[in-house]
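All remarks here apply to the structure that follows.
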Amino acid sequence: MAHASDGRSLEFKLPDLGEGLTEAEIVRWLVEVGDVVAVDQPVVEVETAKAMVEVPCPYGGVVTARFGEEGTELPVGAPLVTVAVGEGDAAPDAPVRGAGTGTATGAAEAPAAERKAEGSGNVLVGYGTSEAPARRRRVRADRPTATGASGRANGRVRGAEPVDGPVPVISPLVRRLARQHDLDLRELTGSGPEGLILRADVEYALRAAAAQGGRAAAQEAGTDRASDAASAVSSPAPAASRADGTRVPLKGVRGAVADKLSRSRREIPDATCWVDADATELMRARTVMNASGGPKISLVALLARICTAALARFPELNSTVDTEAREIVRLEQVHLGFAAQTERGLVVPVVRDAHARDAESLTAEFARLTEAARAGRLTPAELTGGTFTLNNYGVFGVDGSTPIINHPEAAMLGVGRIVPKPWVHEGELAVRQVVQLSLTFDHRVCDGGTAGGFLRYVADCVEQPAVLLRTL
């Protein structure tokens, strides 16, 4: 790839990764400054609250700058890299396209209609498509250095003046943090790109305000410890004064799980019912199915098929609650989430249209999503949109659990380990394969009779798989 001396320098910004995500953490840079990159070549791996994502750059050329070190959290729209693009370098067979903030200049050699019809070929939400979304309004302030907050002094960017007009904040998390502490964002000057106010700016301002309050309290009390109190509030306490133990930041997947589970417990009045079931016949049926040739059927696929049949009989549990409208929304499609433990933490991939799949299709989709989860390749779309969750905690060697509902869903079926136990079968004591089934449900969408009916039907299908034939 040749590089013309009169080429352009194009800035590629962190695109909108979809599903309402407003920020991402840089996990690993895939290119160095000076590297030659092709159109749609991944340049950085980022972690959102949902998944790990490799971000491809829509420009081809030489990387002249990178913004942010590994571990840095960037908002959507912040610069990632700049690429020096010579004439014809950005895309050998297509014009250069912008990244979430409009079409890049310099592509005038291609007709407008042709530019509209072509795309970079690698689409993430917000860039790489033929037409970019509207530019977010921002208020320009003096631009900080590429490393972000290194120019911050007393909560402001050096040389920057307070901004008037719309506050340059695009993250709702930042706005919420400021609102919770009655902090006026108009009084801050951000350290982000083009004066963007970041979470670090708000936290810095809050620490400064706390320090000032500490000084005032100390002076009013007539003590001589004002400076000590202020420094203790405004800066992290030394390790010796903190509680013993290793501190792990609550962010990324762990932070997202914490937020969702906390919200579930705050908003959903949940209840749990459970029953023991004899799974001997279900295990025997699976053995027969897998001995007949063809792809092997997994146990979780059979349980999923039972779930969808039960939801068809008890649709109240395939719903969500619109708290603002005070309405229960019953959903037609069953998008079945299932809990998967990975090295990065617990994730819940979603099998789309599980109600329309047979056991073989369910087996294949469970396997595909599980492998993607372990490899960290799940997309945000594959981790959202579930309507009901199947939680097979028996793989951890436990019998029962009272799980927290995956907000905003209304219920979750839990399955414990299947183990030989004494059981009365046909009037005689025998050793049978027994499993404990539990259902945690949102008591707003139904009463115990509905929940019990759902769970009893599931147990009947486990004990007598022929019951399921009625709904096939």
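Taking the numbering used here, I'd label the letters of the sequence shown as residues 3 to 474. Here a beta-carbon is modelled for each residue, glycine too, at the ideal position from N, C-alpha and C.
Residue i Cβ short of 6 Å to the ligand FAD heavy atom set
i	result
Asp42	Within the structure as shown, the ligand FAD is missing, as the structure has no ligands at all.
Opening and closing residue of the beta strand (DSSP E) in which residue i lies
i	result
Ser321	Ser321 to Asp324
Ala26	Glu25 to Trp31
Leu200	Unbroken run through Leu200: none, as it is neither H nor E.
Val331	Glu329 to Arg332
Val426	Val421 to His427
Gln335	No beta strand (DSSP E) holds Gln335; DSSP gives it neither H nor E.
Lys15	Arg10 to Lys15
Glu49	Gln43 to Glu49
Ser440	Glu430 to Asp444
Val55	Met54 to Cys59
Thr66	Gly63 to Arg68
Rounded distance between the beta-carbons of residue j and residue i, thought under 8 Å
i	j	result
Thr66	Thr84	5 Å
Thr442	Asp278	Incorrect: roughly 17 Å between the Cβ atoms, too far for contact.
Leu185	Leu208	7 Å
Asp55	Val48	Asp is not the amino acid found at residue 55; the sequence shown has Val there. The pair is a contact, with the Cβ atoms about 6 Å apart (cut-off 8 Å).
Ile420	Ala281	5 Å
Val78	Glu25	7 Å
Gly418	Gly429	Their Cβ separation, rounded to whole angstroms, is 26 Å, which puts Gly418 and Gly429 out of contact at 8 Å.
Ala341	Thr391	7 Å
His337	Gly388	5 Å
Beta-carbon proximity list for residue i, same chain, < 6 Å, skipping 5 on both sides
i	result
Asp203	Leu190, Gly192 and Ser193
Arg376	Thr344
Ala86	Gly9, Ser11, Gly63, Val64 and Thr66
Lys298	Asn292
Leu371	Pro351
Gly247	none
Ala358	none
Other residues of its chain near residue i: CB distance less than 8 Å, five sequence neighbours each side excluded
i	result
Glu72	Ile28, Val29, Arg30 and Trp31
Leu470	Arg307, Ile308, Ala311 and Cys463
Where the alpha helix (DSSP H) through residue i begins and ends
i	result
Val78	Where Val78 is concerned, there is no enclosing alpha helix (DSSP H), given that its DSSP letter is neither H nor E.
Val460	Gly450 to Glu465
Thr282	Thr282 to Ala293
Leu313	Leu301 to Arg315
Own chain, CB closer than 7 Å to residue i, minus 5 neighbours either side, in chain order
i	result
Leu284	Leu304, Val464 and Pro467
Ser300	Thr365 and Phe368
Pro405	Asn393, Met414, Gly416 and Thr442
Ser321	Ile330, Val331, Arg332, Leu333, Ala412 and Val447
Leu431	Pro424
Glu76	For the record, residue 76 in the displayed sequence is Leu; it is not Glu. Once the five neighbours on either side are set aside, the close Cβ partners of Leu76 are Leu16, Glu25, Ala26, Ile28 and Gly70.
Leu179	Arg201 and Val204
is_contact[residue i, chain B] using C-beta, thresh 7 Å
i	result
Val433	Structure shown: chain B not included; a single protein chain is present.
Practice problem: May I ask you to verify whether the stretch 386–405 touches the stretch 257–267, counting CB pairs closer than 8 Å and requiring at least 3? | Solution: no
Which parts of the stretch 345–415 are runs of the alpha helix (DSSP H), unbroken and 4 residues or longer, counting only runs that do not cross its ends? List check, alpha helix (DSSP H) in window: 361–377.
Notebook entry, point to check: Given 8 Å as the limit, is there contact between the stretch 456–468 and the stretch 309–316, that is, 3 or more CB pairs closer than that?
Noted result: yes
Are there three or more Cβ pairs, one per stretch, closer than 8 Å when the stretch 424–437 is compared with the stretch 314–333?
no
Check your understanding: Counting Cβ pairs, one atom from each stretch, are 3 or more of them under 8 Å apart for the stretch 375–385 and the stretch 340–353?
Key -> yes
Inset, instruction - Specify whether the stretch 32–44 and the stretch 57–65 touch according to this definition: at least 3 beta carbon pairs, one from each stretch, less than 8 Å apart. - result: yes
Worksheet entry | Cβ contact (3+ pairs, closer than 8 Å) linking the stretch 402–421 and the stretch 442–451 | yes
**Q.** Segments assigned beta strand (DSSP E), at least 3 residues, entirely inside the stretch 255–281
**A.** 272–280
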